[in-house]
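Residue numbers (our numbering): 19 to 418. Where is the CB? At the ideal position from N, CA and C, for every residue including glycine.
The structure is reproduced here in structure tokens:
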């Protein structure tokens, strides 16, 4: 494959994509109106297969994938997520979902864009296989990406690179953020259950002040982070739920709990934080005369973009009218990182506006609704990703 042939492919592919985008935007509206939450994506997978006019090979229970182009040899994968969130939609559009679920993270846009990219590529002479990964359970555990990797999905089609594109309101419309290295955090969930002897609020010396113990743990977790991780490497523990007692003011509860999210960007920080939190909880509980149980559920690893692939992708984006945004690094997490652990990969953040009746600027918000042209920009980004990966892979193949 020569650079000239790759540029001809780029021109032909984007021209073919032009004819697909109107149908893709209509498909986005249909998918948006008929969401399925994590683990309940079978109907969504079937809708995607019908739109593709290709069979999807089932994987990870409710996910699927399809390959086009050369039947054998190396391939490049593009990923979209199937699942919606258990959110009641408040966008006010005619095609809003009404089943208590919502594509409040833009996965409907990602699916529509990837189907358009695959449909446009069907008649092209691709240098390497193109694998569409339609991944389940990005929003919950067990991770759909992790299960796809464990099932050997990448090995089956000799996938050498994976490209993802995610809409993001923190990036300006018309721009795309890539960035080399870590762009999303490792994620874990922390749950602590505290138990002691209940009693009367007037006689705390005859029982255990479980409520105070839980409160101490909540306020102290941030200090554990400060003492454990390098301050030049972002990390946090955010408490999302606290439960103590049943509402009576004069009753000392015998049990309480908290749930928290743990995010970190440094290599090994998640393991260091787990050890430090367990030590802190053990000694705090002992000082209050109570017991405490810690459950630490490891989630996604750090999402790290391959530098050489980023450079090649960034070089292509301006040719399709997309600006290069400053790198957006955040403590958000995405299980796309499991693909990146297996092969050099890139996650792109595609800028969008929210155009609902009550514009909001946050993913997972019941008002969040990416503009319809977001399908176009995500699709163009994915094509650029394939072309960049093909360029890198051709260089690797020539060297072998």
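If you draw a straight line from the Cα of residue 110 to the Cα of residue 363, it comes to about 37 Å. For residue 81, the enclosing beta strand (DSSP E) covers residues 81-86. With respect to the 8 Å criterion, residue 203 and residue 322 are not classified as neighbours on the basis of their beta carbons.
Closest by C-alpha distance to residue 257, out of 245, 147, 241, 279, is 279. Cβ-Cβ distances below 6 Å link residue 366 to 183, 194, 196, 399 in the same chain, with the five nearest sequence neighbours on each side left out; the list follows chain order.
Per the coordinates, the alpha-carbon of residue 32 lies some 35 Å from the alpha-carbon of residue 105. Per DSSP, the continuous alpha helix (DSSP H) segment holding residue 31 begins and ends at 21-36.
Annotation: the continuous beta strand (DSSP E) that includes residue 366 extends over 363-369. In the assembly as shown, residue 357 is a buried residue. Its beta-carbon has 16 or more other beta-carbons within 10 Å. When DSSP states are grouped into helix, strand and coil, residue 153 belongs to the strand group. Spanning the alpha carbons of residue 69 and residue 230 requires a straight line of approximately 56 Å. According to DSSP, residue 113 shares a beta bridge with no other residue. The closest CA to that of residue 159, considering only 349, 20, 317, is found on 317. Note on residue 118: under 16 other CB atoms within 10 angstroms of its CB, so exposed under the neighbour-count rule. 320 is the residue among 320, 332, 326 whose C-alpha sits nearest the C-alpha of residue 347. For residue 305, there is no enclosing beta strand (DSSP E); the enclosing alpha helix (DSSP H) has its first and last residue at 287-306.
Annotated as proximal: residue 368 and residue 189, with beta-carbon spacing under 8 Å.
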